[in-house]
Amino acid sequence: QGTVFCIEEWAKDNDVDLSKSSFITQGFGNAGAWASTLLGRHGAKLLATCNSRQAIYNSKGLEIDALRRHYDETRDLASFPEAESISLDQFWKIKADVLIPAALENQITSQNAESLDVRVVAEAANGPTTLVADQILADRGIAMIPDILCNAGGVIVSYFEWVQNKKSEHWELSEVDSKLERM
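The sequence shown begins at 43 in this note's numbering and counts up by one.
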């Protein structure tokens, strides 16, 4: 949720209508799948996603709920019937408004940073961008929402859980989301 709140704020600051935007996720585990689901609820289109071995693409947008069910059952992106398999190299060249690296460290490097065709990188993973790549993106005018901000939502929600336990309280999900958004 925190990643998407950060993207929402970036969109407001840059006059971007998320309902008309597109995004790609590097990683479709917990962080990538949830960011995709929540951003998709704004009407944004998930054009492509990848893991460490496979990448898939659909120019009309991937159906996120169906993809999540498929991936949860098979752990295989390439067999998703509503997408075409592409190379990992092709993934980094897809034009989209938002890139969400949501997997491993050091995935955006000096080699693929030159090829990125996005407006903003929202770092849901820890340290997904190398220092050299970070400078390349800055020089190219690609905005960065750094991991220290973008993925802090999980830590904040852990704090909320601690508070609830200490006070013997139970907050509804909507209350947790509201508190997180205010932070």
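Built from N, CA and C at the ideal position, the CB exists for glycine as well. Since the structure is predicted, the reported quantities are computational estimates derived from the model, not experimental observations.
Unbroken stretches of the alpha helix (DSSP H), 4 residues or longer, contained in the region 139 to 208
152 to 155, 173 to 181, 189 to 192
Using 8 Å as the threshold, is the C-beta distance between I150 and V163 below it?
yes
Rank F47, L130, D189 by C-alpha distance to the C-alpha of G82 and give the top, closest one.
F47
With a 10 Å radius around its C-beta and 16 neighbouring C-beta atoms as the bar for buried, classify V174 as buried or exposed.
exposed
Going by DSSP, name the residue or residues bridged to Y113.
According to DSSP, Y113 bridges with nothing at all.
Assuming A86 and L60 make a contact with CB atoms under 8 Å, what is their CB distance in whole Å?
5 Å
In angstroms with no decimal places, state the Cα-to-Cα distance between G103 and D139.
13 Å
Kindly give me the distance between the Cβ atoms of L141 and L158, rounded to whole angstroms, as I take these residues to be in contact under 8 Å.
7 Å
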